[in-house]
Amino acid sequence: MNFIKENIPQELRQRLQWIPVAGKKPLLKDWPTPAQQMPFEAAVAKSQPFPGLVLHNNLFCLDCDKVLKDGRPSTGFVEIMKQVKEKAGSTYTEKSQSCKGLHMFFTANIPTDSPDTLKFPLEGGGVLELYTGTGKGRFIAVTGHKVGKADTVADGQAVLDFLIKKAARKKQKNENVGGADERPCYLSVDEIPVIIRKSASGELFKRLYDDGEISDYNNDHSAADIALMNLLPFYCAGRAEIMEQVFSNSALGQREKWQRDDYRNRTIQKALSDWNGECYTPEYGKTSPDEDFNDLDKDPDIISRPAWPVMEKTDKGSRPIKQVYENTDYLLKVLSITCRYNMLTKEVEFTGHELEGLSLEAAATVVRGIMYKNGLKVSRADLLDNIGTIAEKNRYSPVRDYLNACQVLWDGQDHIKAFFQHLHIDPAFKENTDFYEMLFRRWLIGAARIAFNDGNEAMQGLIVLQGSQGIGKTRLLYNLLPNPAWGADGISLDPGIKDDVLKVTRLFIVELGEIADTLRKEKVDRLKAFVTQRADDLRRPYRRTVEQIPRTTAFIGTVNGSGFLKDSTGERRFWVIPVEAIDEFANYDPSQLWGQVMYLAFEKKERHWLTAEEIEQLNTVNEAFKKVTDEEQALLDLLDWNAPADKWTARTPTEISYEIGLHGGRLRMIGRAVNNIARRDDRVKIPTNHVDGRKYTLPPIMDDPIGE
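Numbering follows our numbering, with no gaps: position 497 of the sequence shown is 500.
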């Protein structure tokens, strides 16, 4: 990796806090004071390969390390970047010298007693480190490998305050549930598994600890590790070293990844951060393996000494109000159950308490039983209302989170053009390649905007890939998607069928397969209106009535043959791109493509709609894919289109119809057919003077039209 000098913002260049960096690990002891630091140009001249920027003078850095897995940002990174962007907007960001992390620079009024370094493990992988420079010895090797378009250093005061408070809350929580290291653990490392096997969580524990079974967690090793670790704090008294020993003796603990210090510590700390602080004590019973401990273990569904947020007074004292959502929310939080509304799938998702993957109905049944155990006999209808309110407050969109992260990670290169070059335009239409690329660009921007639709956005059209079967048209769809579950191919859509609408609106990008079938006459008008709707009439799973929910779906069409458009001028919503072949997308990372699209859509605010001139050109290029009517075909076959210009005459539709033998109730269709031909052949004249009827300038009828 080489240093890219020209990318360094002026705000950083002007600081007199640069040092030369010789090699990967320079000796900071050689540059301990500001007086010994130097201007940017001097440090660059002495550096091999990167200069170092010492953090002081109200400059801090966020170091996001190892946040990409298989080209996709971790969920924790997506979430933290969302909060950073909300609090500070865009700031100068660059790749670290390892190319595995990002450095984000901010200015702020940094208190002198701020910690020099704060570390935040990120869910799904990676770590966020905050470097404030208060320790007087922190510098960052600056690479100039800019990510994104921001070339200024943002005010990060809100980000700094947020992260310092976040660390303080975590520390306070650990102190509240702990002095964990000072608590006695009444069970030995060997006794702990025996006790847990006989508890209410015994079957789950045995699958994880004894069998190493991860299929319950979509074969995600990390999720299974967390599930097992979450069972340990209660029995280990929150003692990290004991939890580590117990886990290391399990089937899951034999994985090579568990031997990594960072992963091991992150997994343990995650379990401790979710722990409510309660511990196994001798009053629960003796620890002899021969005793039956089933009646000694606490029911994990019951909250001891609950502090219900909403109470009412009765003759017998105070009691929690069962109908209010705040008490349902409290119970779920104490039991580490989360529920949130997925804006993409339009479903409520649960985590914790073995509720993952359950439908709303099934999860509500389990939660209702838990509430009964805790004295809240809530009706099913009230519970669904409460869950809906909680889920709405926790709503999220995996697509939005992903796209926001992509914008941060974008390297500034033109990935739209690189992606489009995988499409080989049909040679007969090669001259329109730039126009087709423009259509694709507009469609991508529209897709990004529709993902963030709050009811005011609409797609302006759908890309239709036209070409022979087997050339890879569907391949394009799945290379646009980081998660194949966000899309579907080969869908036949009837906007008048409720189930069809529900199926497609739960996805980000949908391919309407062999769109000629979808464009049958009885459905085409509904489809044209449907693809550009701003919202859909749907019922959320926890609501009783239908409501308008903003559309978050974009559409692609595929078709094998030609002649599938019924009316070229009335079908401006169909952006046809004729392709001869589509290349393989080897090791393709869609995050860079979407990063560029996000920049164009929301930073540059590039339009996703077509101008009047572009619509006119679209009508022209789409003409080749319009279905030829019987009347149009008759005109093409029976008139002498090679006749000299002086033989062409002006005739009315009535005269033309009698000439070619298509008279009787078809005059309007004859006029429409002539208009269609005129759009392709400028020799056909359509006068605006309607005196003596509307007359068209056309060639004569052929002398021998059928070759007799």
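We treat Cβ as the ideally placed atom computed from N, Cα and C, and that holds for glycine.
A quick note: this is a predicted structure, and the numbers were derived from the prediction, not measured.
Alpha carbon to alpha carbon, how far is residue j from residue i? Give it in angstroms, no decimals.
i, j, result
"Ala-243", "Cys-282", "13 Å"
"Ile-512", "Ala-615", "27 Å"
"Thr-561", "Val-534", "15 Å"
"Val-87", "Thr-94", "10 Å"
"Glu-259", "Gly-128", "16 Å"
"Asp-633", "Asn-407", "51 Å"
"Tyr-439", "Lys-420", "11 Å"
"Leu-468", "Leu-447", "14 Å"
"Asp-219", "Thr-392", "28 Å"
"Gly-378", "Arg-547", "27 Å"
"Lys-698", "Lys-569", "24 Å"
"Trp-21", "Asp-586", "47 Å"
"Gly-1", "Gln-472", "The first residue shown for the chain is 4 and the last is 711, placing residue 1 beyond what the model contains."
"Gly-136", "Ala-111", "12 Å"
"Tyr-238", "Glu-359", "24 Å"
"His-356", "Asp-214", "20 Å"
"Lys-506", "Tyr-344", "17 Å"
"Leu-484", "Pro-593", "7 Å"
"Gln-13", "Ile-428", "44 Å"
"Gly-787", "Asp-265", "Since the first residue shown for the chain is 4 and the last is 711, residue 787 is missing from the structure and cannot be characterised."
"Thr-106", "Glu-97", "Here residue 106 is His; the residue named in the question, Thr, does not match the sequence. Those two C-alpha atoms are separated by around 5 Å."
"Leu-235", "Asn-221", "22 Å"
For the alpha helix (DSSP H) containing residue i, name the first residue and the last one.
i, result
"Phe-109", "Premise fails: Phe-109 lies in the beta strand (DSSP E), 104–110, not in any alpha helix (DSSP H)."
"Ala-584", "Not the alpha helix (DSSP H): Ala-584 falls in the beta strand (DSSP E), residues 577–585."
"Trp-446", "436–454"
"Ala-491", "Not the alpha helix (DSSP H): Ala-491 falls in the beta strand (DSSP E), residues 490–494."
"Gly-391", "383–396"
"Ala-274", "264–277"
"Pro-196", "194–200"
"Lys-316", "It is not in any alpha helix (DSSP H) - Lys-316 instead sits in the beta strand (DSSP E) that spans 314–317."
Going by beta carbon distance, what residues of the same chain come within less than 6 Å of residue i, once the five residues before and after it are set aside?
i, result
"Phe-432", "Pro-581"
"Asn-482", "Phe-588 and Tyr-591"
"Val-624", "Asn-435"
"Arg-210", "Glu-216"
"Ser-77", "Val-70, Leu-125, Gly-127, Gly-128 and Gly-129"
"Leu-363", "Val-351 and Pro-544"
"Glu-583", "His-427 and Asp-429"
"Trp-578", "Leu-442, Gly-464 and Ile-466"
Give every residue of the same chain whose Cβ lies closer than 8 Å to the Cβ of residue i, excluding the five residues on either side of it in the sequence, and list them in chain order.
i, result
"Met-314", "Ser-321, Arg-322, Pro-323 and Ile-324"
"Gly-713", "Outside the displayed range of the chain (4 to 711) lies residue 713, so it cannot be described from this structure."
"Ile-229", "Thr-270, Lys-273 and Ala-274"
"Pro-54", "Phe-6, Trp-21, Ile-22, Pro-23, Val-24, Phe-43, Ala-46, Val-47, Ala-144 and Val-145"
Could you give the residue range of the beta strand (DSSP E) that holds residue i?
i, result
"Lys-336", "Lys-336 -> not in any beta strand (DSSP E); alpha helix (DSSP H) instead, spanning 328–337."
"Ala-421", "Note, Ala-421: premise wrong, no beta strand (DSSP E); alpha helix (DSSP H) at 418–423."
"Cys-67", "62–68"
"Leu-515", "512–515"
"Thr-700", "699–701"
"Tyr-481", "First-last for Tyr-481: 476–483, but that is the alpha helix (DSSP H), not the beta strand (DSSP E)."
"Ala-144", "142–144"
"Phe-123", "120–124"
Only counting the same chain, and skipping five residues up and downstream in sequence, which positions put a Cβ closer than 7 Å to that of residue i?
i, result
"Glu-247", "Arg-267 and Ile-271"
"Gln-326", "Val-381 and Asp-385"
"Ser-291", "Unreliable positioning characterises Ser-291 in this predicted model, as indicated by a pLDDT of 36, which lies under 50. The coordinate reading is nonetheless provided below. Cβ within range, chain order: n/a, list empty."
"Arg-452", "Glu-460, Ala-604 and His-611"
"Asn-233", "Ala-274 and Asp-277"
"Lys-28", "At Lys-28, the pLDDT of 47 sits below 50, so the modelled position is not reliable and the matter cannot be decided from this model."
Can you look up residue i in the DSSP assignment and give me helix, strand or coil?
i, result
"Trp-21", "strand"
"Ala-254", "coil"
"Asp-213", "helix"
"Tyr-375", "helix"
"Ile-559", "strand"
"Pro-593", "helix"
"Met-232", "helix"
"Glu-357", "coil"
"Cys-409", "helix"
"Asp-158", "strand"
"Cys-342", "strand"
"Gly-464", "coil"
"Ala-170", "helix"
"Lys-88", "helix"
"Glu-550", "strand"
For residue i, verify whether its CB is less than 7 Å away from any heavy atom of the ligand SAH.
i, result
"Val-631", "Questions concerning the ligand SAH fall outside what the structure shown contains, since it holds no ligand whatsoever."
Does chain B have any CB closer than 8 Å to the CB of residue i?
i, result
"Phe-165", "Among the chains in the structure shown there is no chain B, since it carries only a single protein chain."
Could you give the uninterrupted runs of the alpha helix (DSSP H) lying entirely in the segment 618–665, keeping only those of 4 residues or more? You should have 633–641 and 656–663.
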